[in-house]
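> The structure that follows is given in the form of structure tokens.
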Amino acid sequence: MEVLLGTRKAQSEVIGLLVIVIILIFMGLIYLGFSNILDSGSLGDERQSIEAENALKALMNVEMDGYEGKTLEDFIVDCNIEFNACETMEEALKEAYRVILRPETEFSFFANVDGEEIYSFGSCDLGLFSSYVFVRDGVSYEARLKLCS
Amino acid sequence: MKKGQIHISETILVVFVVIIIILVGVIFYFRFTIARNEALPYELSERQATIMLAKAVNLDEIACSEEDCVDTAKFLPFKRVLAEDYDRFKKIFGRKKIVFRIIYPEPEESVKDVECGVAEYIQVEYPENCGKWTLYEFNPENELGAKISTVVSLYFPETDQYKVGRLEIEHYGSIVRY
Numbered sequence: 001m002e003v004l005l006g007t008r009k010a011q012s013e014v015i016g017l018l019v020i021v022i023i024l025i026f027m028g029l030i031y032l033g034f035s036n037i038l039d040s041g042s043l044g045d046e047r048q049s050i051e052a053e054n055a056l057k058a059l060m061n062v063e064m065d066g067y068e069g070k071t072l073e074d075f076i077v078d079c080n081i082e083f084n085a086c087e088t089m090e091e092a093l094k095e096a097y098r099v100i101l102r103p104e105t106e107f108s109f110f111a112n113v114d115g116e117e118i119y120s121f122g123s124c125d126l127g128l129f130s131s132y133v134f135v136r137d138g139v140s141y142e143a144r145l146k147l148c149s
Numbered sequence: 150m151k152k153g154q155i156h157i158s159e160t161i162l163v164v165f166v167v168i169i170i171i172l173v174g175v176i177f178y179f180r181f182t183i184a185r186n187e188a189l190p191y192e193l194s195e196r197q198a199t200i201m202l203a204k205a206v207n208l209d210e211i212a213c214s215e216e217d218c219v220d221t222a223k224f225l226p227f228k229r230v231l232a233e234d235y236d237r238f239k240k241i242f243g244r245k246k247i248v249f250r251i252i253y254p255e256p257e258e259s260v261k262d263v264e265c266g267v268a269e270y271i272q273v274e275y276p277e278n279c280g281k282w283t284l285y286e287f288n289p290e291n292e293l294g295a296k297i298s299t300v301v302s303l304y305f306p307e308t309d310q311y312k313v314g315r316l317e318i319e320h321y322g323s324i325v326r327y
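Chain order of the listed sequences is U and D. Number 33 in our numbering belongs to position 33 of the first sequence; there are no gaps in the numbering. In short: position in the second sequence from 1, add 149, done, that's our numbering.
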């Protein structure tokens, strides 16, 4: 009698375990199905990264509209000499990127001279960085653009 | 005997329920997989277009020799070469439309959508008299496309000036090799 009872319990336990395993497999299959259709979004990120890099490089040598033919490189060099030039540069950049970047794209800009920041504006915590370095009269300048995400 | 029969019935019921659960799980999985595969051709087309977006500015046929930019003086010769060897470029580019536009300094509204052809190029006002170059277009089935784009630097050797442009690639349907 006791042996019979023991055998029954064992059978119940084995079947119970089997049901749990099957349910776990079922949930795993559901998960695999969902993970297949989730959009990775990596193509969008890739394009955003290309955009960030190109948006800075493309503007460096362009004569800014309405600023006496000054380029962004000229602005950064002037900004190192005189603070007013930095504010004019900020104004010019905002006007330019309003047209260049997609609507409602926020950005931050940083200008460095010999590794030290001389001016920056914009505020975004997360974003894609791009950097452009140039040398003029033996001084190394760096422009950094961050497209906010 | 009765107890044994009850046991067997229980076991059969449990096995039956388990099989149903597995079948439902497999059906769900394959439905999701099929839905995913239906979106795959479009995703591949978008991926190909994104790769082209990154590579287009470095194409020898249109890139600047030294700077990281696109030489607009090479556009018209490239269009001529493309027209002469259209079948080869169809195999390379597929079903797409490739357009370069001037975006900064902003061109006038009246010329934004004017194609920069030979007629515009020979005029004194060039490049202020036009706003875009359509380098390639192939859409045999007139499908609606999806557009991706990126900023590029456009160089005008005629005036030794740079402008900011946008490279737009419109891709249609799935990737098909011609």
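For every residue, glycine included, the Cβ atom is placed at its ideal position computed from N, Cα and C. Note that the structure is predicted; figures quoted are calculated from it, not measured.
Roughly how many angstroms lie between the CA atoms of valine 113 (chain U) and glycine 243 (chain D), to the nearest whole one?
C-alpha separation (whole angstroms): 46 angstroms.
> Do the CB positions of valine 313 (chain D) and alanine 58 (chain U) come within less than 7 angstroms of each other?
Against a cut-off of 7 angstroms, the Cβ pair of alanine 58 (chain U) and valine 313 (chain D) comes out as a contact.
> Suppose contacts are defined by Cβ-Cβ distances below 7 angstroms. Is cysteine 79 (chain U) in contact with tyrosine 119 (chain U) by that definition?
Cβ atoms of cysteine 79 (chain U) and tyrosine 119 (chain U): closer than 7 angstroms.
> Quick one: what's isoleucine 247 (chain D) bridged to in DSSP?
In the DSSP output, where bridge partners are listed per residue, isoleucine 247 (chain D) has D:Tyr285 and D:Ile318.
> So the beta strand (DSSP E) glycine 174 (chain D) belongs to, where does it begin and stop?
Careful: glycine 174 (chain D) lies outside any beta strand (DSSP E), inside the alpha helix (DSSP H) at 151 to 205.
> Kindly give me the distance between the Cβ atoms of asparagine 288 (chain D) and lysine 246 (chain D), rounded to whole angstroms, as I take these residues to be in contact under 8 angstroms.
With 8 angstroms as the limit, asparagine 288 (chain D) and lysine 246 (chain D) qualify as a contact, their Cβ atoms being about 7 angstroms apart.
> To be precise: take each residue of the stretch 99 to 115 of chain U, compare its Cβ to all Cβ atoms of chain D, and keep it if any distance is under 7 angstroms. Which residues remain?
Taking 7 angstroms as the Cβ-Cβ cut-off against chain D, the residues of the stretch 99 to 115 of chain U that qualify are Val99 and Ile100.
> Counting only runs of 4+ residues fully inside the stretch 54 to 94 of chain U, write out the alpha helix (DSSP H) ranges in chain order.
Runs of the alpha helix (DSSP H) inside the stretch 54 to 94 of chain U: 72 to 81.
> Which partner residues of alanine 212 (chain D) appear in the DSSP bridge assignment?
Bridge partners of alanine 212 (chain D): D:Val219.
> For cysteine 218 (chain D) and glutamate 319 (chain D), what's the separation of their Cα atoms in angstroms?
When rounded, the distance between both Cα atoms is 21 angstroms.
> Could you tell me if alanine 111 (chain U) is buried or exposed, where buried requires 16 or more neighbouring beta carbons within 10 angstroms of its beta carbon?
By the 10 Å Cβ count, alanine 111 (chain U) comes out buried.
> Apply the 10 Å Cβ neighbour rule to tyrosine 31 (chain U) and answer buried if 16 or more other Cβ atoms are within range, or exposed otherwise.
It is exposed - the Cβ of tyrosine 31 (chain U) has fewer than 16 other Cβ atoms within 10 Å.
> With a Cβ-Cβ cutoff of 7 angstroms, do leucine 128 (chain U) and glutamate 195 (chain D) count as a contact?
Contact flag unset, no.
> Ignore the nearest five residues each way along the sequence and tell me which others in methionine 60 (chain U)'s own chain have a CB closer than 8 angstroms to its CB.
So the qualifying residues of the chain are Thr71, Leu72, Glu73, Tyr132, Phe134 and Ala143.
> Exposed or buried, glycine 174 (chain D), counting other C-beta atoms within 10 Å across all chains shown (16 or more means buried)?
Counting Cβ neighbours within 10 Å, glycine 174 (chain D) comes out buried, since at least 16 surround it.
> Which residue comes first and which comes last in the alpha helix (DSSP H) that contains lysine 228 (chain D)?
Counting along the chain, the alpha helix (DSSP H) containing lysine 228 (chain D) begins and ends at 224 to 233.
> Comparing alpha-carbon positions, which option in D:Phe165, D:Val166, D:Cys265 and D:Glu307 lies nearest leucine 225 (chain D)?
Here the closest residue by C-alpha is D:Cys265.
> Evaluate serine 214 (chain D) with the Cβ neighbour count: other Cβ atoms within 10 Å of its Cβ, from every protein chain shown; 16 or more gives buried, anything less gives exposed.
Under this definition serine 214 (chain D) is an exposed residue.
> Please report the residue range of the beta strand (DSSP E) in which valine 300 (chain D) lies.
Per DSSP, valine 300 (chain D) belongs to the beta strand (DSSP E) from 294 to 305.
> Is there a Cβ from chain U that is less than 7 angstroms from the Cβ of serine 259 (chain D)?
Chain U contact via Cβ: absent.
> What residues from chain U crowd round valine 167 (chain D), counting only those whose CB sits closer than 8 angstroms?
Under the 8 angstroms cutoff, chain U gives Leu18, Val19 and Ile22.
> Anything in chain U within Cβ reach of arginine 196 (chain D), meaning under 8 angstroms, just list it in chain order.
What arginine 196 (chain D) touches in chain U: Leu43.
> Please compile the residues from chain D whose C-beta is within a distance smaller than 8 angstroms of the C-beta of aspartate 65 (chain U).
Near aspartate 65 (chain U) (Cβ distances below 8 angstroms), the residues of chain D are Tyr253, Pro254 and Glu255.
> Distance check for arginine 185 (chain D) and alanine 55 (chain U), CA to CA, integer angstroms please.
Roughly 34 angstroms separates the two Cα atoms.
> Going along chain D, which residues have a C-beta under 9 angstroms from asparagine 61 (chain U)?
Residues of chain D passing the Cβ test: Glu216, Cys218, Ser302, Tyr304, Gln310 and Tyr311.
> Please classify cysteine 124 (chain U) as buried or exposed, where buried requires at least 16 neighbouring CB atoms within 10 angstroms.
Its Cβ having fewer than 16 others within 10 Å, cysteine 124 (chain U) is exposed.
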